[in-house]
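Number of protein chains: 2
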Amino acid sequence: MSATHDTVSHALARVARVHRAAAGQLLRSLGLHPGQELLMMQLWDHGPQPQAQLIERLGLDASTVTRMVQRLEQAGFVRRRRSDTDRRAVLVEATAAAQALQEQVVQAWRELEELTLRGLDDSERAGLAELLSRVEGNLGRLG
Amino acid sequence: MSATHDTVSHALARVARVHRAAAGQLLRSLGLHPGQELLMMQLWDHGPQPQAQLIERLGLDASTVTRMVQRLEQAGFVRRRRSDTDRRAVLVEATAAAQALQEQVVQAWRELEELTLRGLDDSERAGLAELLSRVEGNLGRLG
DNA sequence: GGCATTTAATTGGCCGCGCAAGCAATTGGT
DNA sequence: ACCAATTGCTTGCGCGGCCAATTAAATGCC
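So the protein sequences, as listed, match chains A and B.
The first sequence begins at 1 in our numbering and counts up by one.
The second sequence begins at 1001 in our numbering and counts up by one.
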């Protein structure tokens, strides 16, 4: 066995992929693709907001958000309108149809969380959350 | 603050993204896209092997591996040839050019690992590795 | 006011990644 | 020996995601 394996980085990459796959499985029947639910949650949690805010909060590239929003609009989950105070900005808001989805998405997310953490006791869960948070901090602000 | 946040699932998704971005940054100058280094590492660690083996070890979809290998071949890092014993199978092997890359990739991966784990002591690192492993187990086999 | 700079979005291009459908070779059962 | 089922791989398609380049609007500075 070569030494390039068993690193946290490898584990993280693999876990993230299966986790995303599991999310995809749960979201599939709701008509959402993995990643989109995070954007919708932002809208549900913080209400209508310009894309710049979504970009900021999701930590995604502007072009990614533009196209995600376009597709979500196409799917009927989101509405876009030009801001009056800043005519460059595009305000994004969840539609009524999306409101109906919220319950199911939250539920799916809960299932995913439980599936993910199955067999970990409270202190282990807290430990994992904290370690991930610190790792995020390490990687977050790098040049 | 709504309750949909602060879940391990959210943290995991975010951490995975910044981690991948960091990997991309480090691999960029080497001409590799994030994800490809994992495939190359398989080849370096286990030698020439059929795609089926790569699919198995990487846990990726067959179509994903097919196209990754095609692109890596295009880039000159990999060679493909039909297996003699099973003419459906495609054997994949690293090229000499790729051998030269190995050192740098291993180095980049080491940097990434250290960057990721900065500020965590040995027991915390071990703890994170173990928790990730258990989470992977939870999500891995979910028929 | 006038002009350079910064900011918000968009588009084109490319990659990773998965699902679905399909093809060819191999294996298994009878 | 034959034919069904399985296996290995490929292609079409669509989405998430990034970078680079572009346009339009807003801001800053003189």
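Ideal Cβ placement from N, Cα and C applies to all residues, glycine included.
Distance cutoff 8 Å, beta carbons only. Does residue i sit that close to anything in chain A?
i, result
"ARG1088 of chain B", "no"
"SER1009 of chain B", "yes"
"SER1133 of chain B", "yes"
"GLU957 of chain B", "In the structure as shown, chain B starts at 1001 and stops at 1143, and residue 957 of chain B therefore has no counterpart that could be examined."
"ALA1013 of chain B", "yes"
"ALA1094 of chain B", "no"
"GLU1136 of chain B", "yes"
"THR1116 of chain B", "yes"
"LEU1120 of chain B", "yes"
If you draw a straight line from the alpha carbon of residue i to that of residue j, how long is it in whole angstroms?
i, j, result
"ASP122 of chain A", "ARG1134 of chain B", "14 Å"
"GLY1024 of chain B", "GLU111 of chain A", "31 Å"
"ALA126 of chain A", "GLU1124 of chain B", "13 Å"
"ALA1011 of chain B", "LEU120 of chain A", "16 Å"
"ARG1082 of chain B", "ARG1071 of chain B", "17 Å"
"LEU139 of chain A", "VAL8 of chain A", "14 Å"
"ALA47 of chain A", "ARG1079 of chain B", "This sequence places Gly at residue 47 of chain A; Ala is not what is there. Their backbone Cα atoms lie some 52 Å apart in a straight line."
"LEU1030 of chain B", "ALA1075 of chain B", "11 Å"
"GLY1035 of chain B", "VAL1065 of chain B", "10 Å"
"THR85 of chain A", "ALA129 of chain A", "39 Å"
"ALA1096 of chain B", "ARG1014 of chain B", "36 Å"
"ALA3 of chain A", "GLU1037 of chain B", "In this prediction, ALA3 of chain A scores a pLDDT of 48, lower than 50, which makes its location untrustworthy; the coordinate-derived value is nonetheless stated afterwards. Whole-angstrom Cα-Cα distance: 15 Å."
"ASP6 of chain A", "LEU1117 of chain B", "14 Å"
"LEU27 of chain A", "ASP45 of chain A", "19 Å"
"GLU1093 of chain B", "LEU32 of chain A", "38 Å"
"ARG87 of chain A", "ALA98 of chain A", "26 Å"
"LEU60 of chain A", "LEU1091 of chain B", "37 Å"
"LEU132 of chain A", "TRP1109 of chain B", "19 Å"
Can a CB atom of chain B be found closer than 8 Å to the CB of residue i?
i, result
"SER123 of chain A", "no"
"VAL163 of chain A", "Chain A is shown from 1 up to 143; residue 163 of chain A falls before or after that span and cannot be answered."
"GLY47 of chain A", "no"
"LEU30 of chain A", "no"
"LEU26 of chain A", "no"
"HIS19 of chain A", "yes"
"LEU39 of chain A", "no"
Pick helix, strand or coil for residue i, following the three-state DSSP scheme.
i, result
"ASN1138 of chain B", "helix"
"ARG87 of chain A", "coil"
"ARG1079 of chain B", "strand"
"GLY119 of chain A", "coil"
Return the Cβ separation of residue i and residue j in integer angstroms, given the expectation that the two are a contact with Cβ distance under 8 Å.
i, j, result
"LEU1101 of chain B", "ALA1022 of chain B", "Not really, about 19 Å apart at Cβ, beyond 8 Å."
"VAL1018 of chain B", "GLU136 of chain A", "6 Å"
"ALA1016 of chain B", "ALA89 of chain A", "Rounded, the Cβ-Cβ distance is 29 Å, inconsistent with contact."
Taking 8 Å as the threshold, find out whether the stretch 1103-1121 of chain B comes into contact with the stretch 1025-1041 of chain B through three or more Cβ pairs. yes
Do the stretch 1049-1062 of chain B and the stretch 45-65 of chain A meet, that is, are 3 or more Cβ pairs less than 8 Å apart? In short, these stretches do not touch, since the Cβ pair count stays below three.
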